[in-house]
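Under the UniProt record's numbering, think of the first position of the sequence shown as 1, with each following residue one higher.
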Amino acid sequence: MSINELQDEVIAEFSDFDDWMDRYQLLIDLGNEQEPLDEKYKTEQNLIEGCQSRVWLQADEEDGKVIFKAESDALIVKGIISLLMKVLSGHTPDEILNADLYFIDKIGLKEHLSPTRSNGLLSMVKQMRMYALAFKAKDSSK
1 MSINELQDEV IAEFSDFDDW MDRYQLLIDL GNEQEPLDEK YKTEQNLIEG CQSRVWLQAD
61 EEDGKVIFKA ESDALIVKGI ISLLMKVLSG HTPDEILNAD LYFIDKIGLK EHLSPTRSNG
121 LLSMVKQMRM YALAFKAKDS SK
């Protein structure tokens, strides 16, 4: 599926709930469904700066596609990073770099997060794009 198809799927999933408490619960459930990150990736280098809670993000390239794995010590943040991984993981660096992540606004995520969580969300997206940029640069130098 394309990044936009995945975003539309997330929007549809969240539009089932009108109440933000239900949407938070969905985020928490998504976070809980996520596989735990291998301890070897919980390093200072993988910690995302700008997040109030601790978020580790690991990126690997497989067959020209970026695969993200992540974990957080905060339930809602774990749900947010799992949404980002659902949409971006498994795509090429170019697809990730060119993606317009409209689902964040469409599901009302930004407006329902505290300012520090909003900054954290932006930091997560920025870090994922940095990884994509690094893989793209590495590939073009081959």
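We put the beta carbon where it would ideally sit given N, CA and C, even for glycine.
Note that the structure is a prediction, hence the values are computed from the model and not measured.
So the candidates are the options; which of them puts its Cα closest to the Cα of residue i?
i	options	result
residue 68	130, 139, 4	130
residue 121	36, 15, 2, 56	56
residue 44	26, 31, 58	58
residue 152	81, 15, 30	Any answer about residue 152 is impossible in this case: the structure gives the chain only from 1 up to 142.
residue 79	7, 128, 29	29
residue 34	76, 133, 119, 100	76
residue 115	15, 52, 19	52
residue 107	5, 6, 15, 71	15
residue 6	101, 32, 74	101
Taking the beta strand (DSSP E) that residue i falls in, what are its first and last residues?
i	result
residue 68	65-72
Take the Cβ of residue i as the centre, count every other Cβ of all protein chains shown within 10 Å, and call the residue buried at 16 or more, exposed below.
i	result
residue 36	exposed
residue 1	exposed
residue 39	exposed
residue 21	exposed
residue 109	buried
residue 49	exposed
residue 89	buried
residue 72	buried
residue 23	buried
What first and last residue would you give for the alpha helix (DSSP H) that runs through residue i?
i	result
residue 61	No alpha helix (DSSP H) holds residue 61; the beta strand (DSSP E) holding it covers 55-62.
residue 106	103-106
residue 40	Taken as a continuous stretch (DSSP letters only), residue 40 belongs to no alpha helix (DSSP H), as it is neither H nor E.
residue 85	75-88
residue 14	3-15
residue 25	20-33
residue 47	Segment: none, residue 47 is in no alpha helix (DSSP H) and carries neither H nor E.
Quick check on residue i: does DSSP put it in helix, strand or coil?
i	result
residue 121	helix
residue 109	coil
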